[in-house]
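FYI, the UniProt record's numbering numbers position 371 of the sequence shown as 371, with every residue one higher than the one before it.
Ideal Cβ positions, reconstructed from N, Cα and C, are used throughout, including at glycine.
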Amino acid sequence: MSTSAQREWIVTAADGLDELLIDELLALGASAPRQLKGAISVQADLATGYRICLWSRLASRVLLPLFSVPSGDPDKLFQTALKYPWENVLREDASFAIRAAAAKGVATHTRFTSLRLKDGIVDRFRDRTGNRPSVDSEQPDLSLHLFIEDENISVSIDFSGDSLHRRGYRVAQTDAPLKETLAAALLMQAGWPTRGQGRLFDPLCGSGTVLIEAAQMWAGIAPGLARVRFGFEGWLGHDATIWREVRDDAVARRIAGQDQAPPQLVGFDADADALRSAQRNAQAAGVAQWIHFAQQRIGDWPLPADWDAANTGAGMNFTVPGVVATNPPYGERLGEEDSIKYVYRALGRELRKHLPNWDAVVLAANIEHADALGLEHKNTQRLFNGALPIFARHGRVIPAEAEQPLAFYPSDDELPPEAMDFANRLQKNLKAALKAANAEGIRCFRLYDADLPEFNIAIDVYDGRLHVQEYAPPKTVDPEKAAMRFKLALRATRHVMGLHRDKVFLKVRERQSGKQQYEKQAKRGKFFEVREGQAQLLVNLTDYLDTGLFLDHRPMRERIAREAQGKHFLNLFAYTGTVSAHAALGGAQTTTTVDLSPTYLLWAERNLALNGLPDDDNRLIQADVMAWLQEEVAARPIEQYELIFLDPPTFSNSKRSEDVFDVQRDHVRMLQLTMRLLTPDGTLYFSNNFRKFELDEALMAQFAIEDISAATIGFDYQRNPKIHRCWRIRHRSRPAL
């Protein structure tokens, strides 16, 4: 066949790329595209076939069909192969391999079918020359592709050879890397390089695939230029002259691309090893000079002005909209699937804050995760990363709304006279609380705590929602009268705050013992996001007696955030990990969060994910704290932590622990063990809310202990300063090993 003659080519690609692939093939000079199962059929001459192998950023393989036979008749396949002129396809002293694949849902023995094809080829050569080509499954001179469908078996030359997503630049791997072809599709969906004005940012860049593909697209570098070998090189129909012309043209275009204005490409990742891999891959791809990599967590993004002042050398101007393209850890790169959507929430929040009006295209494992980004979306495309179905969400980053001061406005309804005393007290509290809260940027606080004896309730504000707890009345109080007062208080609360019923959450609080303090009150599973300082935290106002955020410890969390910079932080009896999130955002080098409850540890993981805090630097350990301390001290007698927060319950009797914990009885041993893990110049903060607690005097002689309780009580607990006690504990001298 003439090299200029049109022939059929089969181009395969990952599911979901059909439309993009057709556009690409037409741009490369192919014609008459026809959609097949998992592939596109086109007409093209030999030069265009070479061009597709060299230039396609989306294709997996390029196949040159030879013949097909009906399925279900292996002997027919053998006879057809025996008669086919293989001497025009490969040399008799060459090696070959057969790669067999079956269409989805087709049950067949691909190995047996491959053997019948191999027998036909070998017998053809042996009958004609007495010699035969050898079979080499590792590095054959030529590969044949056998595709089995319900009706036909197709035999083709694997023209491209190894999968085209292997560009040749991936010299360093990371966990769950993004396929190069999928990265290119992500960029094409965003309109890169036409859109973005040469500015592209990947905030979770991993091994750098998206940025490397973007750089090559910008500079006009053919993705196949770095490949050592193509499948067609062992084919007797290969025309080296035409191939050289096609390749020389690609080399010339790569050289010309060096002279154009450089793109602005920036990649962040929290993983230093991943960034080293990304840098090595970029160097291998010949685009390292255009990409700037930096170790940054989502929660630590600088403002555009900060970045401009950082003298990065990349020249990125974040104040001018460009393209954000990224592959978050939607599966393999993050262990707990349930926490992944909170990573997307964190990403969406930071995009709105720092990159308003940028174009964004982001991969997600499911639509819920994509929706968590909060993009003004234009389209969502279903793709596959290997066998894993994923979604590419493309849309505009909506500018973040400025946070408004908290404000509540009373409703117009009238209250009965017997509710006025409570309403007036609540209004007085609200006025003072809002003044203090808005001055300090506080969104969650206690508003009322049984100030009037006849209205024995607690009211907490959670960023526009109310959590109302009724303290169970003593047996001496008539239950009907108590219920009536609660209804009056609730009505007055809604009146003063001006909130609808769906913003007010009710609970009855009774004295708890043992495991009751952790039992579920409901099963709604509804979490709300609130801001506290730098942290975004999850609260649940329905399912548990406590909400996941102890409001009385807000000053303590703020203190730890201020002191955590560069330190290794340990959080014991960690509950939902809110203190760990604050410490990490405050710059802690690492955090270690220990709690016995898997429910609360999962909650802690969500809180960390919601703030864009990576797994590697923030350990979560499910363990009985006392047992863990003993094991840790025995295994690692050398101090490890510069900052520790220890906030045990008064009493704990869990089915997951063999021992009953009593803070009064066990605190000496607990503190002695904990101090073994504290560095010589470190600080331990010990807190508990047992009102009758007495610190053992022997500890005062052993350690430098200061009662700082008064300094840890916020404006909203001044009426109840005994809500907790807190001590700062330090070593008097270096502890003996």
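Same chain only: Cβ atoms within 7 Å of residue i, ignoring 5 sequence neighbours per side
i	result
glutamate 332	Confidence at glutamate 332 is low in this model, with a pLDDT of 45, below 50, so its placement is unreliable and the value that follows should be read with caution. Around glutamate 332: Asp175, Ala176.
leucine 373	Tyr344, Leu347, Gly348, Val362, Arg393
leucine 58	Ala13, Leu17, Leu20, Leu21, Glu24, Thr181, Ala184, Ala185
alanine 364	Tyr330, Tyr344, Ala370, Ile390, Phe391, Arg393
arginine 485	Glu454, Phe455
glutamate 8	Ser41, Gln43, Pro65
aspartate 141	Leu90, Ala94, Ser95, Phe96, Gly234
glutamine 6	Gln43, Ala44, Asp45
arginine 719	Asp449, Asp451
alanine 102	Thr108, Thr110, Ile148
phenylalanine 703	Met675, Ile729, Arg730, His731, Arg732
arginine 229	Gly161
Cross-strand partners of residue i (DSSP beta bridge)
i	result
cysteine 726	Ser687
lysine 507	Gln469
glutamate 532	Ala535
serine 156	Pro65, His145
leucine 643	Phe569, Thr683
valine 361	Ala325, His394
residue 761	In this structure the chain extends from 1 to 737, so residue 761 is not present and cannot be described.
proline 385	The question names proline, but residue 385 in the sequence shown is asparagine. For asparagine 385, which the question treats as bridged, DSSP gives the partners Leu388.
histidine 731	Phe703
leucine 36	Ala39
aspartate 150	Answer is none; aspartate 150 lacks a bridge partner.
proline 70	Asn152
glutamine 718	Bridge partners of glutamine 718: none, in fact.
isoleucine 10	Ser41, Leu63
glutamine 295	Asp269
leucine 17	Answer is none; leucine 17 lacks a bridge partner.
Own chain, CB closer than 8 Å to residue i, minus 5 neighbours either side, in chain order
i	result
glycine 441	Gly533
glutamate 418	Leu488
threonine 3	Asp45, Leu46, Ala47, Asp239, Ile242
aspartate 248	none
glutamine 289	Pro262
glutamate 368	Lys341
leucine 549	Cys444, Tyr462, Val530, Glu532, Leu537, Val539, Thr576, Thr578
threonine 547	Asp460, Tyr462, His467, Val539, Asn540, Leu541
asparagine 88	Leu236, Gly237
Residues of its chain near residue i, where Cβ-Cβ distance is below 6 Å and the 5 sequence neighbours each way are ignored
i	result
leucine 601	Asp595, Leu620, Gln622
arginine 554	Gly714
tyrosine 518	Per-residue confidence for tyrosine 518 stands at a pLDDT of 45, beneath the threshold of 50, marking its modelled position as unreliable; the derived number appears in the next sentence. Hits under 6 Å: none found.
isoleucine 121	Ala81, Trp86
histidine 354	Trp301
arginine 253	Gly220
glycine 514	Note that glycine 514 has pLDDT 43, beneath the 50 cutoff, so the model's placement of it is unreliable and no number is given.
8 Å contact criterion, which residue i and residue j should meet: CB distance rounded
i	j	result
alanine 423	valine 477	Not quite, the Cβ-Cβ distance comes to about 21 Å (not below 8 Å), so this is no contact.
valine 171	leucine 187	Actually they are not in contact, since the Cβ atoms of valine 171 and leucine 187 sit about 21 Å apart, beyond 8 Å.
glycine 198	glycine 267	The Cβ separation is near 15 Å, so there is no contact.
leucine 629	threonine 674	6 Å
arginine 51	valine 246	6 Å
residue 744	aspartate 666	The question about residue 744 has no answer here: the residues shown for the chain are numbered 1 through 737.
isoleucine 98	leucine 144	5 Å
alanine 492	leucine 426	6 Å
glycine 612	glutamate 350	7 Å
serine 114	leucine 146	6 Å
alanine 588	alanine 564	4 Å
glutamine 640	leucine 677	6 Å
lysine 503	arginine 446	So it is not a contact: roughly 17 Å between Cβ atoms.
asparagine 357	valine 397	6 Å
phenylalanine 686	leucine 643	13 Å between Cβ atoms; not a contact.
glutamine 381	glutamine 216	In fact, because the Cβ distance is near 22 Å, the residues do not count as touching under 8 Å.
arginine 167	alanine 219	With a Cβ gap of about 14 Å, arginine 167 and alanine 219 do not count as contacting.
Cβ of residue i within 8 Å of any chain D Cβ
i	result
glutamate 480	The chain inventory of the structure shown lacks chain D, comprising one protein chain alone.
- prompt: Counting pairs of beta carbons, one from the segment 57-71 and one from the segment 153-173, are three or more of them closer than 8 Å?
  reply: The answer is yes - the segment 153-173 touches the segment 57-71, with three or more Cβ pairs under 8 Å.
Beta strand (DSSP E) runs contained entirely in the segment 595-646, provided each spans 3 or more residues: Segments of the beta strand (DSSP E) lying fully in the segment 595-646: 618-622, 641-646.
- prompt: Taking the runs of the alpha helix (DSSP H) that are 4 residues or longer, which of them lie wholly in the segment 400-470?
  reply: For the alpha helix (DSSP H) assignment, the uninterrupted runs of no fewer than 4 residues enclosed by the segment 400-470 are, from N- to C-terminal side, 420-440.
- prompt: Taking three-plus beta-carbon pairs below 8 Å as touching, is the segment 125-133 in contact with the segment 105-115?
  reply: Touching, no, given that fewer than three Cβ pairs across the two stretches are closer than 8 Å.
query: In the segment 206-275, which residue ranges form an unbroken beta strand (DSSP E) of at least 3 residues, counting only runs that do not cross its ends?
result: Correct list: 264-269.
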